[in-house]
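One structure below.
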Amino acid sequence: MPQFLATFSRYRSSTIQGVLVATFLMAASATCFFSGWLSDRISRKRTIITGALVAALGSAIEASSVTWWMLLLGRLIAGAGEGIFLGPCGVYLIEISPPNGQGQITTMLQVFITVSVCCGYFICYWSVNLKSNLSWRTPFIVQSIAALILAAGMHRLPHSPRWLPQVGREQRAWAVMEQFDRHGVEREKEDLLVRLSSGTNNATLKEIMLDPTTRWRAILAMFLMGMQQLSRIDAVLYFAPLVFRQAGLKSQQSSFFASGVPGILLAVVTLPTQLVLMDRWGRRPSTIWGGAGQGVCMFIIGILYASGGSKALAGKWTIISLIYIFLILFSVTWAVFLKLATIELQPSRSRSVSASLSQSVCWVVNTCVALTTPVFLSATLRSRISYSQLV
C-alpha cells in the first residue's frame, strides 16, 4: 500500500520484506512449541482464549504503530498469540467430534482459513483506496477484532471431554460428550474409562521421544508439516504479486490476479474437498498425487522463466495458469489431508504435544521460506535462474 510505504519507507527493501513477514512466523514457532504442554495443563479452551487475546493485543499494536520497531513488536506479539492458539484449535476440534465426523469437522479449520484469506484480500483491496493511514491500519484492526471474537466465542464453549477426566471431572466430560454425540457417548465413555483405569496420563515431550511408537509418529507428523511448507504455498500467497509482476503483468493486474483470484479459488475448492472428496480419496493417495502435481507445476514455471518464455504473451498466461493449478492442487490435497493426518496419527495421550511440535516445525520452515523468498525473487530479476527452479 502506498500509504504504508510512505510511513515505513524501509519496507521497500526485499530483505526487510522478508524480515517483516518472518518476525510473525518466528514468534509463532517459538510459542507453538510449548502450546501442547500448556493445553494439557490449563485446558485446550483456556489456551485458545489466551492465544487469541495475545494475538488481539499484537494486532492492536500493529494498527497503532508509529515507528518501525513498534510495528515489529506488534508482529512478534501477534505471532506469539497465533502460535499459542492454532495447534490446540485442531486438537480441540478432533476431541469434541464424534468418531464418524472427525475428519470433516477438524478440516473445517482449513475451510475457514481459506475463507479468511479471501476476505483479507478484499478488505485490503477496499482499504487501499482510503487516503489516510487508515488504509493500512484497517486490516490490522479487523485482525484484532477477529481474535477478540475467537476469545469471546471460546469462552462460551465447553472444555474438551478428553481433557476433563484428567482433572477429575468425569461427569462433566460425559455431559459434554452427550452434547456432541448422543449415539456414540457410551463407546466414548468406555474408551476413557479404560484409559483412566490403566493410569495413562498425557505424555510429556520426554516420554514421547523415549517411546519408539510415539517418537516415530511425532517425527512423521513434523516431517509432513515441514514438507507442506517447503512446497512454498505460503511464499506464493505472500509474494505472488511480485511473481506475477515478473511474468509481465502491471502492478494493479498482478495484485488482483495474485491475491484476489487465488483467494476466491482457495475458498471455493476447499469446501467440496472437506464435504465430499476427503474420505473418498484417502490420505495417502491424495498426498502422493497432490505432491506430484505441485512439483510438475513448479518445474514447468521454472523452465519458462529460465528460457525467457515468460516474456511472451502465451508464456505469461501459462505461468499464471500453472500458479492457479498449483494452488488448487495444494488446497484439495496437502492443505486438508496433511494437517488432518498429523493429528490422526497420534495416540490420544501424545496428541496435543505432537500436534504442537508439528505446528512449530511448520512455522520454523515457514520462517525460512519468508526470509529467502524475497531474495530469490530479487535474484530472478537479475539472472535467468528462476525462483521456481530454486524450489
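Residue numbers (our numbering): 1425 to 1815. Note that CB positions come from ideal geometry on N, CA and C, so glycine has one too. Since this is a predicted model, take the numbers as computed values, not measurements.
The Cβ atoms of W1587 and S1467 sit closer than 7 Å to each other. Where V1478 is concerned, the enclosing alpha helix (DSSP H) starts and stops at 1468-1487. Going by C-alpha positions, L1554 is about 9 Å away from Q1427. Judged by beta-carbon spacing, L1572 lies within the 7 Å limit of A1480, meaning their Cβ atoms are closer than that value. Taken atom to atom, the span from the alpha-carbon of M1578 to that of P1589 is near 20 Å.
Apart from the 5 residues on each side of it in sequence, T1471 sits with its Cβ closer than 7 Å to the Cβ of S1459, L1462, S1463, I1508, F1509, P1512 in its chain, given in chain order. Rounded to whole angstroms, the separation of the alpha carbons of S1655 and V1793 is 10 Å. Annotation note: the stretch 1504-1576 contains no uninterrupted beta strand (DSSP E) run of length 3 or greater. Rounded to the nearest angstrom, the Cβ distance from L1495 to E1506 is 16 Å, too far for a contact under 8 Å. Closest in alpha carbon position to L1517, among F1604, V1443, Q1653, is F1604. By the Cβ neighbour-count rule, T1638 is buried, with 16 or more other Cβ atoms within 10 Å of its own. The beta carbon of V1693 sits closer than 8 Å to the beta carbons of I1752, S1755, V1756 from its chain, once the five residues preceding and following it are set aside; these are given in chain order. DSSP places D1635 outside both helix and strand once states are collapsed to three, so it counts as coil.
Counting the other CB atoms within 10 Å of its CB gives Q1595 a total below 16, which places it among the exposed residues. The three-state reading of DSSP puts Q1653 in helix, counting H, G and I together.
Counting only the Cα atoms, G1592 lies some 52 Å from I1747. Straight through space, the alpha carbons of W1758 and G1706 are spaced by roughly 12 Å. Sequence-distant partners of G1475 (beyond 5 residues in either direction) whose C-beta falls short of 6 Å from its own C-beta, in its chain, are G1505, I1508, F1509. Assignment of S1584 by DSSP, reduced to helix, strand and coil, places it in the coil class. Inter-residue distance for P1686 and V1660 is about 10 Å (C-alpha atoms, whole angstroms). Looking only at C1786, A1446, F1536, I1749, the smallest Cα-Cα distance to G1717 is reached by I1749.
Three or more Cβ pairs closer than 8 Å define a contact, and the stretch 1638-1652 meets that threshold against the stretch 1775-1795.
In chain order, I1547 place their CB closer than 7 Å to the CB of V1566, counting only its own chain and leaving out the 5 sequence neighbours on each side. S1483 is a Cβ neighbour of A1502, given a cutoff of 7 Å. Here D1658 carries a helix assignment [DSSP, helix/strand/coil]. Linking R1561 to T1628 through their CA atoms gives a straight-line distance of about 41 Å.
Cβ contact annotation for A1451 (same chain, cutoff 6 Å, sequence separation greater than five): L1500, G1503, A1504, in chain order. Within the stretch 1742-1771, the alpha helix (DSSP H) runs of at least 4 residues that lie entirely inside it are, in chain order, 1758-1768. In this structure, the alpha-carbon of T1455 lies about 38 Å from that of Y1729. Spatial neighbours of G1544 in its own chain (CB-CB distance under 6 Å, excluding positions within 5 residues in sequence) are not present. Across the structure, P1585 and V1600 are spaced so that their CA atoms are roughly 6 Å apart.
Judged by DSSP secondary structure, Q1718 falls within the alpha helix (DSSP H) whose first and last residues are 1707-1731. Between the C-alpha atoms of S1540 and W1492 there is a straight-line separation of about 26 Å. Here V1515 is not near S1731, since their CB atoms are 7 Å or more apart. In the displayed model, A1627 falls within coil according to three-state DSSP, outside both helix and strand.
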